[in-house]
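**Student:** Just add 7 to the spot in the sequence shown (first one is 1) and you have our numbering. By construction, the Cβ of each residue, glycine as well, lies at the ideal position given by its N, Cα and C atoms.
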Amino acid sequence: MFNAGDKVEIIACADDPRAIGRTGRIVDEVPPVPGGLTQGRWTVNGIAWHIAPVLCHTSELRKIG
């Protein structure tokens, strides 16, 4: 489980493969709901200036720091 502000490494990302191997921070303040707007995926921001925030499943992320 993640909290807003947690630093994560993106180990896979169906939303944008350019994000794989990069780090970012979790935006969501509450866990995403399956079937909701993000379809159970976490929003990760701050990856790189040329990569918009991405949506990733829990299994695609690893908490670091």
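For Thr50, which option in Gly42, Leu44, Val40 and Val34 has the closest C-alpha, if you only look at C-alpha atoms?
**Tutor:** Val34
**Student:** Spell out the partners DSSP gives Thr45 in its beta bridges.
**Tutor:** DSSP output for Thr45 lists no bridge partner at all.
**Student:** Run through the DSSP bridge pairs and tell me what Ala55 is partnered with.
**Tutor:** Ile58
**Student:** What is the DSSP secondary structure of Glu67, reduced to helix, strand or coil?
**Tutor:** helix
**Student:** Provide the residue span of the beta strand (DSSP E) that contains Gly31, from first to last.
**Tutor:** Thr30 to Ile33
**Student:** Should Pro39 go down as buried or exposed, given a rule of 16 or more other Cβ atoms within 10 Å for buried?
**Tutor:** Label assigned to Pro39: buried.
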